[in-house]
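Structure, as structure tokens:
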């Protein structure tokens, strides 16, 4: 049963890691809109842009 | 209709439509707004939008109007309310954007705005119809952003800066985090608990057993102290208000199971229930999360009010010049000019000769009201023909619109008092368990004081195990998702119970049983087809509901071309078809001055002052309305119609739908009074309305059902929101709600029976741990499997309308 001494703290560390990752994702807008972002990549079809538009475009993309 | 529809917004076209050139191809559009929007989108290189969209766009605002409105937001008095300065280089505003129909709209708005100089970030939320925009005030400003949006074809309304904090976003983020902690905690606690249960068979050594208990304590503690905090906060609020809300028994159960388990872990004897408490919290949170999402989806009353409240006014200065100001800045006795199609900025008195206003917002009456000099104009009502000049008599909190908002607030606060009866029953269970525990403690203290604590804890813990904890949330959660799959969104879980037990259903007429359109009822003419074809030639392309009804009715006939079309707002249309000079409209207009106003609803087609044909129009009843009402009546629900409209119109619709009890010409206050009377007689009342104009009335019912179609769905406020194209779903929802109540009661009874059998044995020490483990998991399993039966026996009638709003709930 000695293996438990390693495995259980390890599982708890993993758990805390997953929790932190999830909190980070929530705080960074990942769950605010669950409906539209999944569709956006399907729509993303870059077309040639005027040069001044392009620079703004890439900054935000 | 082979004349076709607008390339941009899909509205029917007039005979000589303007053309928009997109990607080198000319397309016919309905108006200059749509043409400007389509060409602007093309210039930005975003013409792919038209390929990507899954629904036609909203009709684009008129470019000049939009420009003028956008400029008004530059006024410091207005900007102060809606713009928040983040730091020196960033300002932020939250916009309520009209006309977001599908994901392509989000794509278009984000693309077109990020192409605008000075905008730092754009976040569009399609379900909330909101856009959060951050920009650099040195490079651009709010009016420029609004103008850019309008150019793309969306009208936007900046929301009060207080909304920037966005209570919804905070609420949903906090809920997700709590849910995650409870979920992780529950999984881990179950693992350690399984080890403990198995250990009972295989003689686990005491040290490992204690370690498992401490680990359970470790993972359950954040669940109880972090995830379950809303329940404790709610219970504290309820107790401070000296009531026993639903949160009180829940909080008590969580606290008791946790405390008892901590005591056992410290003493190293008896059983710990960290897994139960974590699972309990997790399932409750899942239910609340689903409820919250439905609530956010349904649109809130504050947004509905913001849309209805006029933002601008055209004040007439002392020198006779017109200045566009914020409606907030109006003072009593200011004179304002109101353009056709705009909202009256504040309560006032008409100073020009005459106009017609749509006061549906205040009276529920769909027919326009004729106003003469000296008549009162109500703030928020829509001016149908203008321009008109008015003197302001009341502003701000004194206006009729503000009093409607107050009515809403009051009706909402009255309801919980009635809903409390159900909550008291739940509180009663806790009271009984506590009494039982106290009796047990007293009994053992007399007989054998050393065993009193163990036995009392056994009673407390065993009486609140998973089965009872899960009985209610499992059934409700299942019901919420089953209903959502059918296009019925439940905003408050209480609504399920109230819908199942409803004895009366009071329907509003306009926008609920009927949709916004008219239909042709009869034609009085020698040659009906000829008359209809001529009338349609004049009417095609006109946006008046009568004209659209005529155009629709003539869809089968060969289209004729009309020239020299001139439409007189609020009166009618004249033009030349096949060389004949025709007039179409109200009697007074069509007969050029013969003002014997006898039949309001009839539309006349005249040639040279002689009546050629008379068209009778009626409101179009929603598809499935009859079916829904019949199903409700068959279910024993008494159906009533309460409308603000005229008696004749109410009678006509009621007759077609077979409704016997009907009330016409009711003001919102009278409708509320009617609901109150019904409820005073012991009835449970479901009020069904469009959730926008009659939100105050809905708020006074036991359960408010808001029916809306398409884009308006997101704005409708109610306990239950459903798509108007899917009315029969209401009867299904009631069947599912009844089934839910039945399953809920079975679950509770089962849990109670299980507890009654186990508690005495546990109290007497007769239940070995392995049996308790099997009994607990089996009883939970029974509860969950039973909940999964909900919705099986009620076949989905039709698929809900495939709006972006309907198909993404779990």
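Protein chains in written order, with our numbering: chain A, 3 to 63; chain B, 160 to 969.
All residues carry an ideal CB built from backbone N, CA and C; glycine is no exception.
Quantities reported herein were computed from a predicted structural model and do not represent experimental measurements.
(1) Have a look at residue 335(B) and residue 659(B) and give me their C-alpha separation to the nearest angstrom.
(2) Identify which residue in 507(B), 715(B), 865(B) has its Cα closest to the Cα of residue 882(B).
(3) Put residue 669(B) into one of helix, strand or coil per three-state DSSP.
(4) Using three-state DSSP, classify residue 13(A) as helix, strand or coil.
(5) Assuming contact is defined by CB atoms lying nearer than 8 Å, are residue 791(B) and residue 695(B) in contact in what I supplied?
(6) So that I know if they touch, is there some Cβ in chain A lying closer than 8 Å to that of residue 648(B)?
(7) What are the boundary residues of the beta strand (DSSP E) that residue 724(B) is part of?
(8) Going by DSSP, what residue range makes up the beta strand (DSSP E) through residue 391(B)?
(9) Alpha carbons only, please: which of 202(B), 167(B), 251(B) is nearest the one belonging to residue 211(B)?
(10) What residue range is occupied by the uninterrupted alpha helix (DSSP H) comprising residue 180(B)?
(11) Can you give me the Cβ contacts of residue 189(B) inside the same chain, cut-off strictly under 6 Å, excluding the 5 residues immediately before and after it?
(12) Sorted by chain position, which residues of the same chain lie with C-beta nearer than 6 Å to residue 898(B)'s C-beta, five sequence neighbours on each side aside?
(13) Could you tell me whether the Cβ atoms of residue 556(B) and residue 503(B) are closer together than 8 Å?
(14) Closest by CA to residue 510(B), which one among 749(B), 378(B), 475(B)?
(15) List the residues of chain B whose Cβ lies closer than 8 Å to the Cβ of residue 5(A), in chain order.
(16) Compare the C-beta of residue 336(B) against all C-beta atoms of chain A and say whether one is closer than 8 Å.
(17) Please state the DSSP three-state secondary structure of residue 108(B).
(18) What residues of chain A sit near residue 332(B), judged by a beta carbon separation below 8 Å?
(19) Alpha carbon to alpha carbon, what distance is there between residue 665(B) and residue 740(B)?
(20) Does DSSP classify residue 216(B) as helix, strand or coil?
(21) Rounded to whole angstroms, how far is the Cβ of residue 418(B) from the Cβ of residue 394(B), which I believe are closer than 8 Å?
(22) Where does residue 27(A) fall in DSSP's three states?
(23) Does DSSP classify residue 299(B) as helix, strand or coil?
(24) According to DSSP, what are the bridge partners of residue 516(B)?
(25) Could you pull the DSSP bridge partners for residue 251(B) from this structure?
(26) Could you list which residues in chain B have their beta carbon closer than 8 Å to that of residue 15(A), in chain order?
(27) Any idea if residue 887(B) is buried or exposed, counting beta-carbon neighbours within 10 angstroms, 16 or more meaning buried?
(28) Distance, Cα to Cα, residue 317(B) vs residue 763(B)?
(29) Is residue 848(B) helix, strand or coil by DSSP?
(30) Please name the residue, chosen from 219(B), 245(B), 541(B), that lies closest to residue 310(B) on a Cα-to-Cα basis.
(31) In terms of alpha-carbon separation, which member of 514(B), 645(B), 771(B), 727(B) lies closest to residue 684(B)?
(32) Which same chain residues, not among the five before or five after residue 338(B), have their C-beta less than 6 Å away from its C-beta?
(33) Is the shortest distance between the beta-carbon of residue 19(A) and the beta-carbons of chain B less than 8 Å?
(34) Taking the alpha-carbon positions, what's the residue 355(B) to residue 915(B) distance?
(35) Taking only three categories from DSSP, how would you classify residue 709(B)?
(36) Helix, strand or coil, according to DSSP, for residue 650(B) in the structure here?
For this structure:
(1) 30 Å
(2) 865(B)
(3) strand
(4) helix
(5) no
(6) no
(7) 721–727
(8) Annotation for residue 391(B): no beta strand (DSSP E) segment contains it, though the alpha helix (DSSP H) segment containing it runs 388–399.
(9) If we check each option's Cα against that of residue 211(B), 167(B) comes out closest.
(10) It is not in any alpha helix (DSSP H) - residue 180(B) instead sits in the beta strand (DSSP E) that spans 178–181.
(11) 165, 170, 172
(12) 949
(13) no
(14) 475(B)
(15) Neighbours of residue 5(A) on chain B: none; closest Cβ ~12 Å, over 8 Å.
(16) Yes, contact with chain A.
(17) Residue 108(B) falls outside the range modelled here, since chain B spans only 160 to 969, and no answer is possible.
(18) 28, 29, 33, 34
(19) 48 Å
(20) coil
(21) Not confirmed; about 15 Å, so no contact.
(22) Helix at residue 27(A).
(23) Three-state result, residue 299(B): coil.
(24) 528(B), 542(B)
(25) 243(B), 293(B)
(26) Per Cβ cutoff of 8 Å: no residues; residue 15(A) is ~12 Å from chain B at best.
(27) buried
(28) 43 Å
(29) strand
(30) Proximity to residue 310(B) across 219(B), 245(B), 541(B) peaks at 219(B), based on C-alpha coordinates.
(31) Of the listed residues, the one whose Cα sits closest to residue 684(B) is 771(B).
(32) 444, 448
(33) Closer than 8 Å: no.
(34) Approximately 25 Å between the Cα atoms of the pair.
(35) helix
(36) coil
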